[in-house]
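Residue numbers (this note's numbering): 485 to 853.
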């Protein structure tokens, strides 16, 4: 699960694609969304993409799906984008259908490495190229991995939490860590990155730490309340691996009159996360531009459809599969109150998505427009 050697990080170029972040509707999340080129000359071949669920993060349907469709349509390539709804068997069935329907390239966001590896092995036998999108499939056979530098994501979260604690003049701090799903290699990398920063501060104490199965936000509420009770509410900062988990943490802090007093991290630069930052209930999040990641996937997949090798930025090490996986790694961006506008400027969200009636004044005060 180690990060790899010799990485050269790519710069996100999210502004090059038009994206309406709310273009994906949950009503069709279990079905397919095809396109065959609204803006470019048609590319022979078909690309299948299977997203993991609609619960671990709002990004999959509200950001990634429309961004991917826009990228494929702009490139003139036929696509089929479906969602496994958190069901590994359903993902396998969708993959079988896509392979039967003749996809040339199949990209997946695995629900766990074992089921993901089985899908990739079956695809390879049928001559279908595969891409690991966002999550590395340990022991898999993907031709390329496209994601953000996830160790850096965690490090930025750790730095963000430290900055918030210092702003509150909390030099001695009890920390609770609420990690992502134990079956997601990304969650491991996020946690490792955060610990690489926070463990170096001798006056910070890890008083409780637990992973949240399946990135389930409802379970996060229960788990954090148990941890909060266990430490008798004596917590100064919370590492929450993404905005969904952060929302669960904040609900318990509110219940105990501690919201806004205990800094909480996040990830995904979601509407909820950004609104929580505006109110002061969350201290930071991480922007991983869906537009930039979708553009990278589209470019790599189209190159593979044409029989070319995609241009990569380095490799990542799959210790389970004992191989170096060619990778395209993008740079994450730390977001706090001072730079929420960057998310809007990248095209990942509209100001109107964030600045609803209850948040309009806060948006104005913080330059979000």
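For each residue, glycine too, the CB sits at the ideal point set by N, CA and C.
Distance between residue j and residue i (C-alpha atoms, nearest Å)
i: residue 570; j: residue 545; result: 13 Å
i: residue 541; j: residue 750; result: 11 Å
i: residue 783; j: residue 672; result: 28 Å
i: residue 572; j: residue 718; result: 39 Å
i: residue 834; j: residue 555; result: 18 Å
i: residue 595; j: residue 620; result: 10 Å
i: residue 738; j: residue 618; result: 32 Å
i: residue 845; j: residue 607; result: 51 Å
i: residue 823; j: residue 611; result: 45 Å
i: residue 461; j: residue 792; result: This structure cannot settle anything about residue 461, because the visible part of the chain is limited to 485 through 853.
i: residue 650; j: residue 723; result: 15 Å
i: residue 708; j: residue 657; result: 17 Å
i: residue 643; j: residue 681; result: 6 Å
i: residue 602; j: residue 806; result: 17 Å
i: residue 654; j: residue 720; result: 8 Å
i: residue 508; j: residue 788; result: Because residue 508 sits at a pLDDT of 36, beneath the cut-off of 50, its placement in the model cannot be relied upon, and the following sentence gives the value as read from the coordinates. Rounded to whole angstroms, residue 508 to residue 788 spans 26 Å at the Cα level.
i: residue 689; j: residue 683; result: 8 Å
i: residue 843; j: residue 776; result: 27 Å
i: residue 699; j: residue 665; result: 5 Å
i: residue 537; j: residue 758; result: 22 Å
i: residue 713; j: residue 704; result: 14 Å
i: residue 588; j: residue 532; result: 8 Å
i: residue 661; j: residue 647; result: 16 Å
i: residue 604; j: residue 614; result: 6 Å
i: residue 745; j: residue 736; result: 12 Å
i: residue 790; j: residue 577; result: 26 Å
i: residue 652; j: residue 553; result: 43 Å
i: residue 715; j: residue 847; result: 35 Å
i: residue 854; j: residue 841; result: With the chain running from 485 to 853 in the structure shown, residue 854 is simply not present.
i: residue 539; j: residue 674; result: 19 Å
i: residue 821; j: residue 697; result: 30 Å
Where residue i falls, given that 16 or more other Cβ within 10 Å makes a residue buried
i: residue 743; result: buried
i: residue 849; result: exposed
i: residue 731; result: buried
i: residue 510; result: Its pLDDT being 35, under 50, residue 510 is placed unreliably by the model, and the measurement read from it follows with that caveat. The residue in question, residue 510, is exposed, as its Cβ has fewer than 16 Cβ neighbours within 10 Å.
i: residue 593; result: buried
i: residue 616; result: buried
i: residue 710; result: exposed
i: residue 687; result: exposed
i: residue 756; result: buried
i: residue 586; result: exposed
i: residue 832; result: buried
i: residue 794; result: buried
i: residue 836; result: exposed
i: residue 528; result: exposed
i: residue 609; result: exposed
i: residue 725; result: buried
7 Å Cβ shell around residue i - same chain, five flanking residues per side excluded
i: residue 734; result: 743, 748, 760, 765, 766
i: residue 466; result: Only positions 485 to 853 of the chain appear in this structure, which leaves residue 466 out of reach.
i: residue 685; result: 646
i: residue 706; result: none
Assumed close pair residue i, residue j - CB separation to whole angstroms, cut-off 8 Å
i: residue 769; j: residue 727; result: 6 Å
i: residue 676; j: residue 625; result: Between residue 625 and residue 676 the Cβ distance is about 25 Å, and since that is not below 8 Å, they are no contact.
i: residue 638; j: residue 678; result: 4 Å
i: residue 564; j: residue 530; result: 7 Å
i: residue 774; j: residue 548; result: 5 Å
i: residue 551; j: residue 778; result: 4 Å
i: residue 695; j: residue 669; result: About 12 Å; that fails the 8 Å criterion.
i: residue 582; j: residue 599; result: With 8 Å as the limit, residue 582 and residue 599 do not qualify as a contact, their Cβ atoms being about 15 Å apart.
i: residue 781; j: residue 559; result: Actually they are not in contact, since the Cβ atoms of residue 781 and residue 559 sit about 11 Å apart, beyond 8 Å.
Cutoff 6 Å; reference residue i; Cβ partners in own chain excluding five residues on either side
i: residue 804; result: 622, 623
i: residue 486; result: Interpretation of residue 486 is limited by its pLDDT of 39, a score under 50 that renders its predicted location unreliable; the figure taken from the coordinates is listed afterwards. Hits under 6 Å: 801.
i: residue 701; result: 728, 732
i: residue 817; result: 771
i: residue 535; result: 544, 567, 593
i: residue 641; result: 678, 749
i: residue 526; result: 560
8 Å CB neighbourhood of residue i in its chain, flanking five on each side removed
i: residue 811; result: 488, 491, 628, 629, 630, 631, 796, 797, 798, 799, 800
i: residue 740; result: 712, 717
i: residue 819; result: 753, 758, 761, 768, 769, 770, 771, 826, 827
i: residue 808; result: 488, 799, 800, 801, 802
i: residue 659; result: 645, 682, 688, 689, 690, 691, 719, 720, 721, 722, 723
i: residue 584; result: none
CB contact check: residue i to chain B, cutoff 7 Å
i: residue 633; result: Of the protein chains in the structure, only one exists, and it is not chain B.
Cβ-heavy atom distance, residue i to the ligand NAD, below 6 Å
i: residue 741; result: The model on display carries no ligand, and the ligand NAD is accordingly not part of it.
Counting only runs of 3+ residues fully inside the stretch 625-658, write out the beta strand (DSSP E) ranges in chain order. Counting whole runs of 3 or more residues, the stretch 625-658 contains the beta strand (DSSP E) stretches 628-632.
Tell me the start and end of each unbroken beta strand (DSSP E) in the stretch 672-748 that is at least 3 residues and wholly inside, in chain order. Along the stretch 672-748, the beta strand (DSSP E) occurs as fully enclosed runs of 3 or more residues at 688-695, 721-724, listed in sequence order.
Every unbroken alpha helix (DSSP H) inside the stretch 536-612 [4 residues or more]: Within the stretch 536-612, complete alpha helix (DSSP H) segments of at least 4 residues are found at 549-559, 572-584, 597-609, given in chain order.
Whole runs of the beta strand (DSSP E) within the stretch 749-833, excluding any shorter than 3 residues: If only complete runs of 3 or more residues are kept, the stretch 749-833 shows the beta strand (DSSP E) at 769-771, 798-802, 807-814, 817-819, in order along the chain.
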